[in-house]
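When we follow our numbering, the leftmost residue of the sequence shown carries the number 821, and every step to the right adds one.
Beta carbons: idealized from backbone N, C-alpha and C, even for Gly.
Keep in mind it's a predicted model, so treat the numbers as computed, not measured.
Heads up, the thing below is written out as structure tokens.
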Amino acid sequence: MMAGGRWGGGGGGGGSERLVHSVRHRGMTLLHLAAAQGYTQLIRTLIQWRSVNSDSLDLEQEVDPLNVDHFSCTPLMWACALGHQAAAVLLYRWSSVALGIPDSLGRLPLAVARSRGHTRLARCLEELHAHTQRAQADASAMAPATGPVQQASEEQAHQPELAMSTHTHQVPATPPQLPPSPLSTSPDTGEQCV
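Here it is in structure tokens:
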């Protein structure tokens, strides 16, 4: 139950349909609270609700994966800190950018998960992140080149000896894995993401 935030006014009584925030929840939105509790189905519902009501600025703020509370924690940070793997995966898939947003102490979600003993969750998100980066690298490698790069490639196609001498940069097949956080105090259990 959320006592600090409530919808003001009713549907027909001339009252405002705005969400009233309270400082008691330290800036946490509905999405923060759902993530902190591990309510994956509620998170899915909130995401759907936001997509259906895309014109609501209040809902956009309340259900924003990059919104931070008073401690600079995103909903993903809360899910990681409290070990809610399914919620963390859902939030990561919605917005992977949140993985790189530190809290007010400079800690990243994976570091917080590891420091609290949630190594399986951290490993799962690392694997998802590596997979996402590989997919993006593959997609960009397959995209047609345009502009000066394309012109240079066309010139090299007509001059094979030039093409061989200028081609020195290769993209690695797999991007490097994220190193374990220096903030982590938990041993890595080596468990795999299921």
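Three-state secondary structure (DSSP) at residue i?
i             : result
glycine 782   : For residue 782 there is no data in the structure shown, the boundaries of the chain being 821 and 1014.
proline 885   : coil
cysteine 893  : coil
arginine 943  : helix
aspartate 875 : coil
arginine 927  : coil
histidine 845 : helix
arginine 936  : coil
tyrosine 859  : coil
alanine 790   : What is shown of the chain runs 821 to 1014, which leaves residue 790 out entirely.
tyrosine 912  : helix
leucine 902   : coil
Report yes if the C-beta distance between residue i and residue j is below 9 Å; otherwise report no.
i              : j              : result
isoleucine 867 : tryptophan 898 : no
histidine 808  : cysteine 900   : No statement about residue 808 is possible, as the shown extent of the chain runs from 821 to 1014 and does not include it.
leucine 941    : valine 917     : no
leucine 896    : arginine 936   : no
leucine 930    : isoleucine 921 : no
histidine 949  : leucine 911    : no
Alpha carbon to alpha carbon, how far is residue i from residue j?
i              : j              : result
leucine 850    : threonine 939  : 26 Å
serine 960     : glutamine 953  : 10 Å
leucine 879    : aspartate 889  : 16 Å
isoleucine 863 : asparagine 873 : 15 Å
glutamine 857  : alanine 955    : 31 Å
serine 871     : glycine 847    : 23 Å
arginine 934   : alanine 963    : 37 Å
tyrosine 859   : serine 876     : 23 Å
valine 932     : serine 924     : 12 Å
glutamate 947  : aspartate 958  : 16 Å
Taking residue i as the reference, which of the options has the closest Cα?
i             : options                        : result
glutamine 861 : His951, Val909, Ala963, Arg927 : Val909
alanine 906   : Ile921, Asp875, Cys944         : Cys944
glycine 926   : Asp958, His951, Phe891         : Phe891
alanine 854   : Ser871, His949, Asp884, Ala933 : Asp884
histidine 845 : Arg934, Glu946, Glu882, Asp958 : Glu882
Taking 8 Å as the cut-off, is the CB of residue i close to at least one heavy atom of the ligand MG?
i           : result
glycine 858 : The ligand MG is not part of this structure, which contains no ligands at all.
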